[in-house]
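Take a look at the structure below.
Residue numbers (my numbering): 3 to 422.
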C-alpha cells in the first residue's frame, strides 16, 4: 500500500534500527572483551551462533510469511524480541554479569537480523517500481543518520558525563540506545498499513516440500549458486573485521572512545559516498567487473590496515576504507539483481539477504581463535587476525569467476539493436 505515511514510517524504522546497532557495535564489544576480560573467541562465537540460528530459520519463516502471513506481523514480533533481549543484555551489562549479557546479546542479535527478513520486502508494498530506488535511497540515508545519531547520543555516557546506573561507562551506553530504538520503531509497528493477504490453506508437509522444490530450482542456476557462495565468503571477512574493529582500535592503538567515535563518523561519510559513486561506476563498466575490482581492493586494504604502524596513515586508510564498505553492499545487490532468474526474484533475494545477514560464520571463529591463542605476541595478534580473514576474500574472488558477466549481455543486446 503506497502512501506517504507508510514510506515515512518505513524510513523512520531504518533510522531506529541503525541507531541501536551502531551503539552495540562500538561499546558492547569493548565492555565485554576489554573491560570484563571475556575471551575474543567467546565474543565472536555470538556472531557464529546467530548465523547458525538464521540459517536454520530464515528460509522457513520467510517462506511462510510470504505465503500465509503479513510481513508487518513478523516485524512486530522480531522487533519486540530485539528490544527485550537487548534491554535485558543492557541491564546485565550494568550489573557486570558478562555471561548472561553475552547470551542475551546473541539472542538479541539473532532477532535483530531476523527482523530484516520482514522489513526489507515491505519496500515492494510501499513503492511502485519506478519509485523503488528513491524510497530505498531514503532508507539508506536514514540508516546513516541513525548511526550518526547513535554515536552522538552514546558519547556522553561513554565519557562518563552522563550516568544512569553508576556503572561502567561503556555499559551505560546500551540501555539508552535500546529505549530510543523502541521509541522510534513504535510508529512503524503501530501505524503501518499493509495490504491484507489472501487467506490460503496451510499444510506444513506440502509447504515444506514446495519450498524445497523452489530452492532446488533456484540453485540449479550455477551463476546464482556461485555468486551466493562468493558473497558469503567475502562478506564473512568484511563483517568479521568490522565487528572486531572497536576492539582492534582499543588493543592496537589505545585510542579513547571519543576518537573512536570521530573515526567511525568519518567512515560513515565515505561509506555513503562509496555507495553512491559505485552505483554509477557499475552501470558504466559492468557490475561483475566493478565488484571484482572492489574485492581486489579489499585484498589490499585489510592487510594494509593490519600492518600500518603510523596512526595518521592508519586514519587515512580506514577513512578511505569507508568507500569500500559503501560500494560492497551497493554493487553486490545490483549483481544479485541481474542474476535473479525471471519469476524468482523474491526467493533469490531471500537467500541473498540470508547470505548477507548470516555470513559472519567461519570468520569470527578464525578471528577468535587467533586473538585468544596468540596472547604471547600482544596486540599484534589482532593484526594477524586481519591478515587471516583476508583469505576468505580471495576465496570469494575465485568463486566469483564462474558467475555470468552482465557486460556480455549488454554487448549482445547492443549488437542486436544495431542489426535491426
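Just so you know, even glycine gets a beta-carbon here, dropped at the ideal spot from N, CA and C.
Looking at the unbroken alpha helix (DSSP H) that takes in residue i, where does it start and where does it end?
i: residue 87; result: 73-96
i: residue 196; result: Premise fails: residue 196 is in no alpha helix (DSSP H) and is neither H nor E.
i: residue 292; result: 289-309
i: residue 39; result: Neither: residue 39 is in no alpha helix (DSSP H) and is coded neither H nor E.
i: residue 312; result: Here residue 312 belongs to no alpha helix (DSSP H), and DSSP marks it neither H nor E.
i: residue 9; result: 6-25
i: residue 30; result: No alpha helix (DSSP H) contains residue 30, which DSSP labels as neither H nor E.
i: residue 119; result: 100-121
i: residue 127; result: 124-128
Within its chain, find whatever has a CB closer than 7 Å to the CB of residue i; leave out the 5 residues flanking it on each side and keep chain order.
i: residue 80; result: 113, 116, 117 and 120
i: residue 242; result: 362, 365, 366, 369 and 391
i: residue 413; result: Residue placement at residue 413 is poorly supported in this model, since its pLDDT is 48, which falls under 50; the coordinates still yield a value, given next. Excluding positions up to five away in sequence, the list is empty.
i: residue 330; result: 240 and 296
i: residue 381; result: 253 and 254
i: residue 174; result: 96, 159, 165, 166 and 167
i: residue 221; result: 227
i: residue 333; result: 280, 284, 289, 292, 293 and 296
i: residue 234; result: 357 and 361
i: residue 263; result: 153 and 157
i: residue 137; result: 9, 125, 128 and 129
i: residue 406; result: 225 and 341
i: residue 299; result: 326
I want to check one thing, is the minimum distance from the CB of residue i to the heavy atoms of the ligand PLP below 7 Å?
i: residue 273; result: Among the components modelled here there is no ligand, and therefore nothing to report on the ligand PLP.
Give me, in chain order, the residues of the same chain whose beta-carbon lies closer than 6 Å to that of residue i; leave out the 5 immediate sequence neighbours on both sides.
i: residue 38; result: 100
i: residue 268; result: 321
i: residue 146; result: 270 and 274
i: residue 385; result: 308
i: residue 108; result: 48, 51 and 52
i: residue 237; result: 361
i: residue 399; result: 297
i: residue 336; result: 284 and 289
i: residue 13; result: 140, 141 and 144
i: residue 419; result: Because residue 419 sits at a pLDDT of 45, beneath the cut-off of 50, its placement in the model cannot be relied upon, and the point is left open.
i: residue 84; result: 110, 113 and 114
i: residue 128; result: 4, 8, 9 and 12
i: residue 57; result: 360
i: residue 249; result: 31 and 35
i: residue 18; result: 183, 186 and 187
i: residue 272; result: 321, 324 and 325
i: residue 259; result: 160
i: residue 55; result: 112
i: residue 169; result: 96
i: residue 60; result: 119 and 356
Could you check how far apart the C-beta atoms of residue i and residue j are, in whole angstroms? I think they sit under 8 Å.
i: residue 73; j: residue 123; result: 6 Å
i: residue 402; j: residue 293; result: 7 Å
i: residue 428; j: residue 191; result: This structure leaves residue 428 out entirely; the chain is present only between 3 and 422.
i: residue 194; j: residue 8; result: 6 Å
i: residue 374; j: residue 23; result: Going by Cβ atoms, the distance from residue 374 to residue 23 rounds to 25 Å, so no, they are not a contact pair.
i: residue 179; j: residue 35; result: At roughly 19 Å, the Cβ-Cβ gap does not stay under 8 Å, so residue 179 and residue 35 are not in contact.
i: residue 21; j: residue 151; result: 6 Å
i: residue 324; j: residue 276; result: 6 Å
i: residue 91; j: residue 28; result: Actually they are not in contact, since the Cβ atoms of residue 91 and residue 28 sit about 15 Å apart, beyond 8 Å.
i: residue 265; j: residue 317; result: 7 Å
So, for residue i: in the same chain, excluding its five sequence neighbours on each side, which residues have a beta-carbon less than 8 Å away from its beta-carbon?
i: residue 304; result: 239, 243, 388, 389, 391, 392 and 395
i: residue 404; result: 224, 225 and 228
i: residue 306; result: 319
i: residue 350; result: 220, 226, 338, 341, 342 and 343
With a floor of 4 residues, list each alpha helix (DSSP H) that falls wholly inside the segment 314-381, ordered by position along the chain.
-> 347-360 and 365-375
Every unbroken alpha helix (DSSP H) inside the segment 136-190 [4 residues or more] = 171-174
Whole runs of the alpha helix (DSSP H) within the segment 224-295, excluding any shorter than 4 residues = Secondary structure remark: continuous alpha helix (DSSP H) runs of at least 4 residues inside the segment 224-295, in chain order: 224-245, 247-250 and 259-287.
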